[in-house]
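So the structure is just underneath, and the comments pick up after that.
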Amino acid sequence: MKRIILENISKEFKIGFKNEQGALAKFISSFSGKEPQKIIQVLDDVSFSIEAGEIVGLIGENGSGKSTLLRIITGIYEQEKGKILTYGKIISLINLYIALKERLIMRDNIYLCCSLFGLTKPEIKQKFTSIVKFAELKDFINTKIYQFSEGMKERLAFSIAIHSNPEILLLDEVFEIGDEDFKEKSSKKIEELAKQGVAVLLVSHDLNLIKRHCNRVIWLDKGQIIKEDDCQKVIESYLQ
Amino acid sequence: MFKKILNLSIALAKAEFKLRNEGSYLGIFWYLLNPLLMFLILLGVFSNKLGQDIPNYPLYLLLGIILFNFFRQATTESTEIIYENRGLIKSINFPRQALISSLVLKTLFSHIFEIILFVIFLFVFNVSPYGIIFYPLILFFFCLFIYGVSLILSALTVYFIDIDNIWTFAAFLLWLGTPIFYSIENQGWLFKLNLLNPIYYFISIARDLIIYARIPEIWMISGAIFYSLLFLIVGLIIFNKLKVKFAEMI
Chain G
2 MKRIILENIS KEFKIGFKNE QGALAKFISS FSGKEPQKII QVLDDVSFSI EAGEIVGLIG
62 ENGSGKSTLL RIITGIYEQE KGKILTYGKI ISLINLYIAL KERLIMRDNI YLCCSLFGLT
122 KPEIKQKFTS IVKFAELKDF INTKIYQFSE GMKERLAFSI AIHSNPEILL LDEVFEIGDE
182 DFKEKSSKKI EELAKQGVAV LLVSHDLNLI KRHCNRVIWL DKGQIIKEDD CQKVIESYLQ
Chain V
41 MFKKILNLSI ALAKAEFKLR NEGSYLGIFW YLLNPLLMFL ILLGVFSNKL GQDIPNYPLY
101 LLLGIILFNF FRQATTESTE IIYENRGLIK SINFPRQALI SSLVLKTLFS HIFEIILFVI
161 FLFVFNVSPY GIIFYPLILF FFCLFIYGVS LILSALTVYF IDIDNIWTFA AFLLWLGTPI
221 FYSIENQGWL FKLNLLNPIY YFISIARDLI IYARIPEIWM ISGAIFYSLL FLIVGLIIFN
281 KLKVKFAEMI
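In order, the protein sequences belong to chains G and V. With our numbering applied, the first sequence closes on residue 241, and no number is skipped along the way. With our numbering applied, the second sequence closes on residue 290, and no number is skipped along the way.
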């Protein structure tokens, strides 16, 4: 059963840039605050699909369009061209702990973030202990988030995401911070979720991580798929 | 979907309410300070002039201030809410209108404290407080109206950032034009102008029911319902049309 189907996805962005302006144009733009814009092609004719239970890697240099692609799958951005079909609840960890409110205690943050991921209050109550236990933060339930280390925030955000009943899990550079033990534990959890039928799209610069988890890898460059194949083959081509 | 948005709105409103009081020693006192100070200043300045012919002028004034304060606070904050939550909008796909409804709910929490203060004033001025039982009905339609206006402002500000500044100015003009500290009886042109001002209907109905214990005229009630539904529908249409590009624009 396919969970994600992308057909010929293209996306453009208007970005601001400074060009050579005449004196009058400079004068006018200093008053209006508006700057000239140009259009860049972020994704160009991207097509692939992911089956339930599959863990697919997405690699590419910075600015290749990986995060934009995840945002389009999530429904945060709208594509200019192409079609997307998703089957199942999407949980995305794009900016890992952005939803956490620094001045609120962890308990309140768990309730807030789970609500953002669509969980009801009884569901959150039921999962609360498990979220705290997985994040290994049971001594900090009533501590404000600004007193947490980056690693603690990452553990909390990851734990919330995996407990939010995902059927499609989109992970963007989630293992950049944090200790090795937690990375190991999280890796096992991702594999466990995949076995339960969750489709996982894993974006990372860590090729060892990709090798470990993914059977199939997509290499994206300048918005286009350069290669999509078996993990070993794609990584070899990418490194060349 | 409605239940999902409501649950999320309540969760967001609770969080924002806690954040607003976070670390504050006086807490809710700050919500009351602004309308109370405004009330005392305007009462001192206008009670002998503009308020001379208005029965129960202090209550007339305070109720006007409290209702307008609710409207101004929510709508002014709505011009910034999308930009303030840009991180969230770029990371998670949740119903965007929940941000606006949470803002109205959060402002409603503080409005309730102001209404409690008003009820105390009813006792102080020896006016029967029974009229307050009708207030939830007025408040329901007033919330719909504020929600509609906030949807429009929040969505348009993403595309035209100047609306933030324009609205601050427009809200001030609206404050002056609405009969909050004066009456528009016997002032033909101002009365006609206020027929186009939705807040006028809500404030008048609330005053009639709560302070003067009389039933508002049918056209006033119809006007309030008409404007609240009109702004709600227009707000939802504009917001839903524009929200698809929010994440790219901020």
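The beta carbon of each residue, even a glycine, is placed where N, CA and C say it ideally should be.
Query                                                                                                                                                                                  : Result
Please state if the CB of Glu-8 (chain G) and the CB of Gly-83 (chain G) are separated by a distance shorter than 8 angstroms.                                                         : yes
Arg-213 (chain G) CB to nearest chain V CB: under 8 angstroms?                                                                                                                         : no
Where does Lys-89 (chain V) fall in DSSP's three states?                                                                                                                               : coil
Select from the segment 73-93 of chain G all residues with a C-beta closer than 8 angstroms to any C-beta belonging to chain V, and list them in chain order.                          : Thr-75, Gly-76, Ile-77, Tyr-78, Glu-79, Ile-91, Ser-93
How close, in whole Å, do the beta carbons of Ile-56 (chain G) and Tyr-239 (chain G) come, if the pair is a contact with beta carbons under 8 angstroms?                               : Ile-56 (chain G) to Tyr-239 (chain G), Cβ: 18 angstroms. No contact.
Any beta carbon of chain G sitting closer than 8 angstroms to that of Ser-131 (chain V)?                                                                                               : yes
For Lys-3 (chain G), which option in G:Gln-42, G:Thr-130, G:Leu-86, G:Ile-99 has the closest C-alpha, if you only look at C-alpha atoms?                                               : G:Leu-86
Could you please give me the residues that DSSP links to Asp-231 (chain G) through a beta bridge?                                                                                      : G:Arg-217
Straight-line CA distance for Ile-146 (chain G) to Asn-96 (chain G)?                                                                                                                   : 16 angstroms
Return helix, strand or coil for Gln-127 (chain G), following the three-state DSSP convention.                                                                                         : helix
Taking the C-alpha atoms as reference points, what is the distance between Ile-203 (chain V) and Asp-231 (chain G)?                                                                    : 52 angstroms
Taking only beta carbons into account, state which residues of the segment 108-137 of chain V come closer than 7 angstroms to chain G, listed in chain order.                          : Gly-127, Leu-128, Lys-130, Ser-131, Ile-132, Asn-133, Phe-134
If we cut at 8 angstroms on Cβ distances, does Thr-121 (chain G) have a partner in chain V?                                                                                            : yes
Going residue by residue through the segment 181-207 of chain G, where are the continuous alpha helix (DSSP H) segments of at least 4 residues, counting only ones entirely within it? : 181-196
Looking at the C-beta of Ala-158 (chain G), does it have a partner C-beta in chain V at a distance below 8 angstroms?                                                                  : no
Return the first residue and the last residue of the beta strand (DSSP E) that Ile-99 (chain G) is part of.                                                                            : Run containing Ile-99 (chain G): none; DSSP gives neither H nor E here.
Name, in chain order, the residues that DSSP records as bridge partners for Val-167 (chain V).                                                                                         : According to DSSP, Val-167 (chain V) bridges with nothing at all.
How about Ile-250 (chain V) and Gly-188 (chain V): are their beta carbons less than 8 angstroms apart?                                                                                 : no
With H, G and I counted as helix, E and B as strand and the rest as coil, what does DSSP make of Phe-176 (chain G)?                                                                    : coil
Less than 8 angstroms between CB atoms is the rule here; does Asn-96 (chain G) satisfy it with respect to chain V?                                                                     : yes
Per the DSSP calculation, Gly-58 (chain G) is bridged to which residue(s)?                                                                                                             : G:Leu-203, G:Val-218
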